[in-house]
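The letter at position 251 of the sequence shown is residue 253 when you use the working numbering, and the numbering goes up by one with no holes.
Glycine residues also receive a C-beta, built at the ideal position from the N, C-alpha and C atoms.
Just so you know, these numbers come straight off a predicted model, no measurement behind them.
See below for the structure under consideration.
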Amino acid sequence: MTHVHIIGGGLAGLSAAVDVIGRAGVTIYEAGPACGGRARSYYDKALGARIDNGNHLLLSANKATFRYLGLIGAEKTLTGPGAPLFPWFDLSANLGWTLKLSKGRVPFWAFARNRRVPGMKLSELAMLGRILKAGPEDTVSEYLGDGMLSQRLLEPFAISALNTPVETASAALLGAIMRETLALGGTACCPWYPAEGLSESFVDPAIAHITRLQGEVRCGTRVSGVDVAQGRVRGLRIGNETIALGPEDKVVFAAPSQVARSVLEAHLPGFEAPDAYESIINVHYRLPGPVQARGMLGKVGFVGLVGGVAEWVYLKGEILSVTVSAANRYADRDNDELIAKIWSEIRQAVGPVLVETLPVAVPPVRLVCEKRATFAATPAQDRLRPQARTALENLALAGDWTQTGFPSTIEGAIRSGSEAIRALGL
Ligand SMILES: Cc1cc2nc3c(=O)[nH]c(=O)nc-3n(C[C@H](O)[C@H](O)[C@H](O)COP(=O)(O)OP(=O)(O)OC[C@H]3O[C@@H](n4cnc5c(N)ncnc54)[C@H](O)[C@@H]3O)c2cc1C
Numbered sequence: 003m004t005h006v007h008i009i010g011g012g013l014a015g016l017s018a019a020v021d022v023i024g025r026a027g028v029t030i031y032e033a034g035p036a037c038g039g040r041a042r043s044y045y046d047k048a049l050g051a052r053i054d055n056g057n058h059l060l061l062s063a064n065k066a067t068f069r070y071l072g073l074i075g076a077e078k079t080l081t082g083p084g085a086p087l088f089p090w091f092d093l094s095a096n097l098g099w100t101l102k103l104s105k106g107r108v109p110f111w112a113f114a115r116n117r118r119v120p121g122m123k124l125s126e127l128a129m130l131g132r133i134l135k136a137g138p139e140d141t142v143s144e145y146l147g148d149g150m151l152s153q154r155l156l157e158p159f160a161i162s163a164l165n166t167p168v169e170t171a172s173a174a175l176l177g178a179i180m181r182e183t184l185a186l187g188g189t190a191c192c193p194w195y196p197a198e199g200l201s202e203s204f205v206d207p208a209i210a211h212i213t214r215l216q217g218e219v220r221c222g223t224r225v226s227g228v229d230v231a232q233g234r235v236r237g238l239r240i241g242n243e244t245i246a247l248g249p250e251d252k253v254v255f256a257a258p259s260q261v262a263r264s265v266l267e268a269h270l271p272g273f274e275a276p277d278a279y280e281s282i283i284n285v286h287y288r289l290p291g292p293v294q295a296r297g298m299l300g301k302v303g304f305v306g307l308v309g310g311v312a313e314w315v316y317l318k319g320e321i322l323s324v325t326v327s328a329a330n331r332y333a334d335r336d337n338d339e340l341i342a343k344i345w346s347e348i349r350q351a352v353g354p355v356l357v358e359t360l361p362v363a364v365p366p367v368r369l370v371c372e373k374r375a376t377f378a379a380t381p382a383q384d385r386l387r388p389q390a391r392t393a394l395e396n397l398a399l400a401g402d403w404t405q406t407g408f409p410s411t412i413e414g415a416i417r418s419g420s421e422a423i424r425a426l427g428l
């Protein structure tokens, strides 16, 4: 029977395993103490709470992700309003609103004052169509205008989806996301996020499924090299040990791009992979009791912010959790200063709709900066992304950095795992 050796237990590697288990034997080699990679939950001692490394938002359009969740029996672990509702708050104008997208392709929402972005002009909608046709070298800022649709929706949407400043972000990648979401209407844009945690939704049920079907997951196992002969991977190097591969064995390389470059470059002439990254900051504030909100925030569970540093605020039990994307621009800022600034933004935007009053002083807090959260989604980096199939007959690549046609996202990672299995002919 064919055996698939999967290097990297992030969502790309898990997706490859879930796709092929039952048709082939599977072993996952994960360098870290647990699987999940950039989408994981853990107990934070200082906060005394279990947190996610970063808040992750999905949209109902993410078909591969929902298929994966279905295969591992975890569809019910996500939560969301069940409708395309997005509460927003503009910190500079001290103004809140809810974007209520209409179900279908025709943007009826744009005609209704209580559903659209305040201050937007209908003429700005033409911009959406132009982004769908963006060329591979175009950047997002070339398409944005100075109207409110740009400032209060498209720019924050682009920064969140691409994790890259709009001045350098690829408009074609934004177009790829929009084609599957906004362009299809609200039915494709219902927001979803894990009710409990990333690991409880995406990782633990996958591992349970894989091991139930006799797959093996080896955490704390770093693959440092591969042995190649006659156009095939013949062995995997792990510390001083080499695992010899049989003639039927296949390999999915699902570790991050920087690891792929160091391990594979010598064996794949001309190999290229993204080499510039953007960070994401998450700040988790722990309150004395569960945070409860009135109105739309209570219904949806998160709010988007513009005009400040904080971009998304999530209510997660006793934790108020904030995301700041494309965070390389804050690399020189002092963490305590950022924590205090973001806390003042939360008090302004969210404080008035909470059941309990927020304290003035910053509560116990943890700032997590994922330095290589995603590759920088620029036209130049997008060109460096390799296809799943490689010149080595039994080796395929997976990972959000491979050429999925999507930016670095859960959906991209999960698609890449399935694509790697297809590339191996399984
Ligand atoms: C803070 C943050 C917020 C995000 N928000 C969102 C969001 O809202 N929506 C969304 O869709 N996406 C979001 N993303 C992106 C998403 O998390 C990633 O695209 C996805 O998790 C990448 O999965 P992957 O399997 O490709 O890579 P990884 O998760 O990086 O997995 C690679 C795995 O390989 C392992 N590994 C490395 N070297 C070796 C080795 N030598 N041997 C064996 N194993 C090795 C690593 O430990 C890791 O577990 C966010 C990312 C971050 C960091």
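Taking 8 angstroms as the cut-off, is the CB of residue i close to at least one heavy atom of ligand 1?
i    : result
R40  : yes
H7   : no
V225 : yes
P258 : yes
T183 : no
L175 : no
Y70  : no
V20  : no
G82  : no
E372 : yes
N64  : yes
E32  : yes
I282 : yes
L87  : no
T411 : yes
H58  : yes
N165 : yes
V265 : yes
N337 : no
Under the rule that 16 or more other beta-carbon atoms within 10 Å means buried, what is residue i, buried or exposed?
i    : result
T213 : exposed
T359 : exposed
Q232 : exposed
K252 : buried
S420 : buried
N242 : exposed
K47  : exposed
A174 : buried
N337 : exposed
Q153 : buried
A256 : buried
R385 : exposed
Q383 : buried
F113 : exposed
M298 : buried
M3   : exposed
N116 : exposed
D148 : exposed
L127 : exposed
Helix, strand or coil for residue i per DSSP?
i    : result
G72  : helix
H211 : helix
Y145 : coil
L127 : helix
R288 : strand
K102 : strand
D92  : strand
P1   : With the chain covering only 3 through 428, there is no way to say anything about residue 1.
V324 : strand
F273 : coil
R391 : strand
A351 : helix
F408 : coil
S62  : coil
R117 : coil
P138 : coil
K252 : strand
S226 : coil
E202 : helix
R368 : strand
V108 : coil
R335 : coil
G237 : strand
A318 : It is Lys, not Ala, that sits at residue 318 in the sequence shown. Looking at K318 - three-state DSSP - the assignment turns out to be strand.
K373 : strand
T183 : coil
Validate contact between the segment 214-221 and the segment 34-53 using beta carbons, cut 8 angstroms, 3 pairs
Touching, per the Cβ criterion.
Flag this pair as touching only if the segment 203-211 and the segment 301-320 have three or more C-beta atom pairs under 8 angstroms; answer yes or no.
Touching, no.
Is it the case that the segment 277-290 contacts the segment 48-55, given that we only count it when at least three CB pairs across the two stretches are under 8 angstroms?
Yes: the two stretches touch, three or more of their Cβ pairs being nearer than 8 angstroms.
Counting Cβ pairs closer than 8 angstroms, one from the segment 266-278 and one from the segment 392-401, do we hit at least three?
Remark: three or more beta-carbon pairs, one from each stretch, lie closer than 8 angstroms, so the segment 266-278 and the segment 392-401 are flagged as touching.
The segment 345-359 in contact with the segment 79-95 per 3-pair CB rule at 8 angstroms
Enough Cβ pairs lie closer than 8 angstroms, so yes.
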